[in-house]
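Chemist:
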Amino acid sequence: MQRIQSILPRHHLAFSTRVGRGSRFSVYVPATMPGVTAMPKRIDPADRHDLQGVYAIVCDDEPVLLQGLAQLFRGAGALVDTVSCMAETESLLENTAREPDIVITDIRLRNNETGIKVAERIRAFWESNIPVVFVTGELIGRKALVEFPEPYVLIGKSTSARNMIDSAAHLIGADI
């Protein structure tokens, strides 16, 4: 894989396999317009109304909600990987070569796992303060996030699709 990356600079490669399910080989190709040499890492939401080219990790333990969130962010132009628990997060981290631009996660997951721990693990792996959109259907305040470093936003599952996309775009463009 290193040889391919040396031939294709600025491209990111990822490979994952699951016994009995198959393998996935991904190539993240930098998107450029004629006359533009590189896309910025962070997108200024004042200039963009979508998430074109943004790489997002989406986490939810409810398959229907996970699929819905993934579709929403893909529809806004994001490249999306999905996980539903810490074990899947660890597997994704082992098999991806690109740092996410944003993490979108439910706060409460099954088996006493939390989206807070998932986000902390992703940040620790990349040694980066990656923006996080925490999504919750519960009436919890910022108390659960009192020690979580910014940038992040806490929004309800009933939030409109446009508000969710706008919140993500704002975080990505935030200069924190």
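For the sequence shown, position 122 (counting from the first letter as 1) is numbered 122 according to UniProt numbering, and the numbering increases by one without interruption.
Ideal placement from N, C-alpha and C gives every residue a C-beta, glycine not left out.
1. Counting C-beta neighbours from all protein chains within 10 Å, is the total for residue 89 16 or more, i.e. buried, or is it exposed?
2. I'd like to know whether the C-beta atoms of residue 102 and residue 131 end up nearer to each other than 8 Å.
3. With 16 other CB atoms within 10 Å as the buried threshold, where does residue 75 fall?
4. The beta strand (DSSP E) with residue 136 in it runs from where to where?
5. If you draw a straight line from the alpha carbon of residue 160 to that of residue 125, how long is it in whole angstroms?
6. So within the UniProt domain "Response regulatory" (55–176), which uninterrupted beta strand (DSSP E) runs reach at least 3 residues, ignoring any that extend past its ends?
7. State yes or no: is the C-beta of residue 50 within less than 8 Å of the C-beta of residue 106?
8. Can you tell which of 77, 121, 68, 115 has its C-alpha closest to the C-alpha of residue 94?
9. Exposed or buried, which one is residue 83 when buried takes at least 16 other CB atoms within 10 Å?
10. Assign residue 25 to buried or exposed, taking buried as 16 or more other Cβ atoms, counted over all protein chains shown, within 10 Å of its Cβ.
11. So what does DSSP say about residue 177, is it helix, strand or coil?
12. Please check the pair residue 79 and residue 55, which I expect to be a contact at CB under 8 Å, by giving their CB distance rounded to whole angstroms.
Modeler: So, from the data block:
1. Position 89 of the sequence shown holds residue 89. Burial check for residue 89: the Cβ neighbour count within 10 Å reaches 16 or more, so the residue is buried.
2. Translated into the one-based positions of the sequence shown, residue 102 becomes position 102. Translated into the one-based positions of the sequence shown, residue 131 becomes position 131. With respect to the 8 Å criterion, residue 102 and residue 131 are classified as neighbours on the basis of their beta carbons.
3. The residue labelled residue 75 in the question sits at position 75 within the sequence shown. Residue 75 should be labelled exposed.
4. Locating residue 136 in the sequence shown gives position 136, where the first residue counts as 1. 132–136 is the extent of the beta strand (DSSP E) around residue 136.
5. In the sequence shown, residue 160 corresponds to position 160, counting from 1. In the sequence shown, residue 125 corresponds to position 125, counting from 1. Linking residue 160 to residue 125 through their CA atoms gives a straight-line distance of about 31 Å.
6. Listed in chain order, the complete beta strand (DSSP E) runs (minimum 3 residues) inside the UniProt domain "Response regulatory" (55–176) are 55–59, 79–83, 102–106, 132–136, 152–156.
7. Working through the sequence shown from its first residue, we reach residue 50 at position 50. Working through the sequence shown from its first residue, we reach residue 106 at position 106. Contact: no.
8. One-based indexing of the sequence shown puts residue 94 at position 94. The shortest C-alpha separation from residue 94 is found at 121.
9. On the sequence shown, position 83 is the one that residue 83 refers to. Taking all protein chains shown into account, residue 83 has 16 or more neighbouring C-beta atoms within 10 Å of its C-beta and is therefore buried.
10. By 1-based counting over the sequence shown, the position of residue 25 is 25. Residue 25 counts as exposed, since fewer than 16 other C-beta atoms from the protein chains shown sit within 10 angstroms of its C-beta.
11. Because the chain spans 1 through 176 in this model, residue 177 falls outside it and cannot be assessed.
12. If you number the sequence shown from 1, residue 79 lands on position 79. If you number the sequence shown from 1, residue 55 lands on position 55. Correct: roughly 5 Å between the Cβ atoms.
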